Amino acid sequence: MSDTEKAQSPNYPHNHEMYAPRPTKIANPAALGLFSFASTTFILSLYNVNARSITTPNVVVGMACFCGGLAQLLAGMWEFPRGNVFGATAFTSFGAFWMSYATILIPGSGVVTAYTSEHELSQALGIYLITWFVLTFMLFLAALRRNVSFIALLFFLCITFILLAAGAFTGMAAVNKAGGGFGILTAGIAYYCGLSELLVKGESWFGLPLGTIPQGRVD
182 MSDTEKAQSP NYPHNHEMYA PRPTKIANPA ALGLFSFAST TFILSLYNVN
232 ARSITTPNVV VGMACFCGGL AQLLAGMWEF PRGNVFGATA FTSFGAFWMS
282 YATILIPGSG VVTAYTSEHE LSQALGIYLI TWFVLTFMLF LAALRRNVSF
332 IALLFFLCIT FILLAAGAFT GMAAVNKAGG GFGILTAGIA YYCGLSELLV
382 KGESWFGLPL GTIPQGRVD
């Protein structure tokens, strides 16, 4: 939920100082972060399901560096002065994820060539993906009282990471394809969330609900 949504929500505890949105002239960067994440995830997930018989994912490197990586990282940096710790943490973390993933795929990085065994490389990638599942699960827990759309986004992203990690550990192509399928679903939800953030009330003909959850105080 954006700061604007919180301020306009009838369930929002305006009398509680800790929830008050900070005054800022910085525009909401959530749409940028979500669209960048969704587009990069969508492309890589199509590669993971071998769309158009593609088995080499290296075309995604540019997207991972600049769209999913840099653009999302910047969105996270802009969320900090807005006082949105969740958005700042999520966008910055996943921006770093895409940059790190791109680094693995860049031949000149030497990451892949450092492994003499394909099996060892697969196990290392599995550990890498499981680590990102752990972080995503923690963000999922933090989102449980934000809105339904973000809960769904992070839930399916958790499943995506688990399946991709399992595919790396076992070498089973079917499991990796399943991870790609859930990745496509995750990207679709992220596109929806991004469009919802972009359709600002008073400037758009319609809006998309995120499924706001009451933010009553819990002691």
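Numbering (the numbering used here), first residue to last: 182 to 400.
No residue lacks a Cβ here, since even glycine has one placed at the ideal position from N, Cα and C.
Note that this is a predicted model, so its numbers are computed, not measured.
DSSP three-state assignment for residue i, whether helix, strand or coil
| i | result |
| --- | --- |
| Asn265 | coil |
| Thr284 | helix |
| Asn239 | coil |
| Thr393 | strand |
| Asn231 | coil |
| Ser385 | coil |
| Thr221 | helix |
| Ala212 | helix |
| Gly291 | coil |
Cut-off 7 Å between Cβ atoms - residues of its own chain near residue i, not counting five sequence neighbours on either side
| i | result |
| --- | --- |
| Phe342 | Leu310, Trp313, Phe314, Thr317 |
| Gly362 | Val230 |
| Phe336 | Phe321 |
| Arg334 | Per the sequence shown, residue 334 should be read as Leu rather than Arg. Result list for Leu334: Thr367, Ile370, Ala371, Cys374, in chain order. |
| Ile340 | Phe363 |
| Gly348 | Val356, Asn357, Gly360 |
| Ile207 | Trp259, Pro262, Arg263 |
Cα-Cα separation, residue i to residue j
| i | j | result |
| --- | --- | --- |
| Thr391 | Ala256 | According to the sequence shown, residue 391 is Leu rather than Thr. Straight-line Cα distance between these residues: approximately 19 Å. |
| Pro136 | Ala354 | This structure cannot speak to residue 136, because the chain is shown only from 182 to 400. |
| Ala323 | Phe218 | 19 Å |
| Gly352 | Ser385 | 47 Å |
| Met182 | Phe278 | Note that Met182 scores 49 on pLDDT, short of 50, meaning its location in the model is unreliable; the coordinates nonetheless yield the value given after this. If you take the alpha carbons of Met182 and Phe278, they lie about 23 Å apart. |
| Cys248 | Gly289 | 20 Å |
| Val242 | Arg263 | 30 Å |
| Ala346 | Leu306 | 7 Å |
| Thr273 | Leu254 | 5 Å |
| Val381 | Leu389 | 10 Å |
Run of the alpha helix (DSSP H) containing residue i, from where it starts to where it stops
| i | result |
| --- | --- |
| Leu376 | 354-379 |
| Val315 | 299-323 |
| Ile207 | Careful: Ile207 lies outside any alpha helix (DSSP H) and carries neither H nor E. |
| Cys246 | Element bounds for Cys246: n/a, residue is neither H nor E. |
| Phe337 | 329-351 |
| Leu123 | Nothing in the structure corresponds to residue 123, since the chain is present only between 182 and 400. |
Same chain, Cβ closer than 6 Å to residue i, five either side skipped, listed in chain order
| i | result |
| --- | --- |
| Val329 | Gly392 |
| Ala271 | Leu320 |
| Ala232 | none |
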